[in-house]
Amino acid sequence: MVGGRRIPGKNNFCGRNWCVYDACGIVCGLFTWLLLSYGQFCILAIMMTSFEDNKIHQSINFLIFEILFVLSGAAHLKTMFTDPGAVPKGTLTEEYIAQLEKEQQFNGTVLYKCTKCSSIKPERAHHCSVCKRCIRRMDHHCPWVNNCVGENNQKCFVLFTFYISLLSCHTLYWAIRQFVWCVGSDWKPCSVFSPPATTILFDFSFI
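Quick look at the structure:
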């Protein structure tokens, strides 16, 4: 966006959604969902059903976990498939540059150019070597959401990290309860999945 108007150009969209075709980012994004799904399996199929006898307490914790799970997943997808604020490519034309330079004489703005993606770079925009685009108000490129965190999806990213933190704390609470209960009963009534499930979830919560 320059001078209050959108610069013509072509963005990387798959259908109506923004996509980044990066192998590492795709693997990290899928691994994030694998961890979320595995955490849900451990909580619902192993921990809540193995030692929680109070049905009201079980139902409340089930509802809390599912709400946080859905919110985390939705924020992750929204961050991943939202255009972070990419500057359109191919705007380094002589005509357009001459027009902007003429406008500079009146408003005193500085004209930045990016030769890597052949675009006029707005103030506070940075070029991402992964997305191959200049991103407005770029914070960083996060492989776990396979996208840059920029002007348009920063709020979604912050919400994702917030929901994941709450989900991890809730998971850690259940992991500690499961671990204490299994140690106190010498692991005899525990599921065969309980020791690794507890350990992995305990580590994941700290991560």
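The opening position of the sequence shown corresponds to residue 397 in the numbering used here, with each subsequent residue numbered one higher. Yeah, the Cβ is synthetic: ideal placement off N, Cα and C, and Gly gets one too. Every value quoted in this text rests on a predicted model; they were computed, and no experiment measured them.
Can you tell me whether ASN549 is helix, strand or coil according to DSSP? Taking the sequence shown and counting its residues from 1, one reaches residue 549 at position 153. Coil.
Within this structure, are the beta carbons of TRP540 and CYS424 separated by less than 8 Å? Along the sequence shown, one-based indexing puts residue 540 at 144. Along the sequence shown, one-based indexing puts residue 424 at 28. A contact, by the Cβ cut-off of 8 Å.
At what residue ranges does the segment 516–568 contain a whole run of the beta strand (DSSP E), taking only runs of 3 or more? Qualifying beta strand (DSSP E) stretches, in chain order: 521–524, 529–532, 536–538, 543–545.
For ASP418, tell me which candidate among ILE572, VAL554, LEU568, CYS544 has the shortest Cα-Cα distance. Taking the sequence shown and counting its residues from 1, the one referred to as residue 418 is at position 22. It is CYS544 whose Cα lies nearest to the Cα of ASP418.
Between GLY435, GLY481, LEU467, which has its C-alpha nearest HIS536's C-alpha? The sequence position of residue 536 within the sequence shown is 140, counting from 1. Residue GLY481 is the option with its Cα nearest to HIS536.
Can you name the start and end residues of the alpha helix (DSSP H) that TYR508 belongs to? To locate residue 508, count along the sequence shown from 1; it is residue 112. No alpha helix (DSSP H) contains TYR508, which is instead part of the beta strand (DSSP E) from 508–510.
Just mark GLY580 as buried or exposed, buried being the case when its beta carbon has 16 or more other beta carbons within 10 Å. As a working mapping, residue 580 is identified with position 184 in the sequence shown. The residue is exposed, with fewer than 16 neighbouring Cβ atoms inside 10 Å.
Nearest residue (CA-CA) to GLN549, options PHE461, ALA470, LEU562: Walking along the sequence shown from the start, residue 549 turns up at place 153. Reading the sequence as shown, one finds Asn at residue 549 and not Gln. That would be ALA470, whose Cα lies nearest to the Cα of ASN549.
Burial state of LEU430, where buried means 16 or more other Cβ atoms lie within 10 Å: The residue labelled residue 430 in the question sits at position 34 within the sequence shown. With fewer than 16 other Cβ atoms within 10 Å, it is exposed.
Report the rounded CA-to-CA distance for ARG412 versus PHE477, giving the unit in angstroms. Sequence index remark: in the sequence shown, residue 412 carries index 16 (1-based). Sequence index remark: in the sequence shown, residue 477 carries index 81 (1-based). The alpha-carbon atoms of ARG412 and PHE477 are separated by roughly 9 Å.
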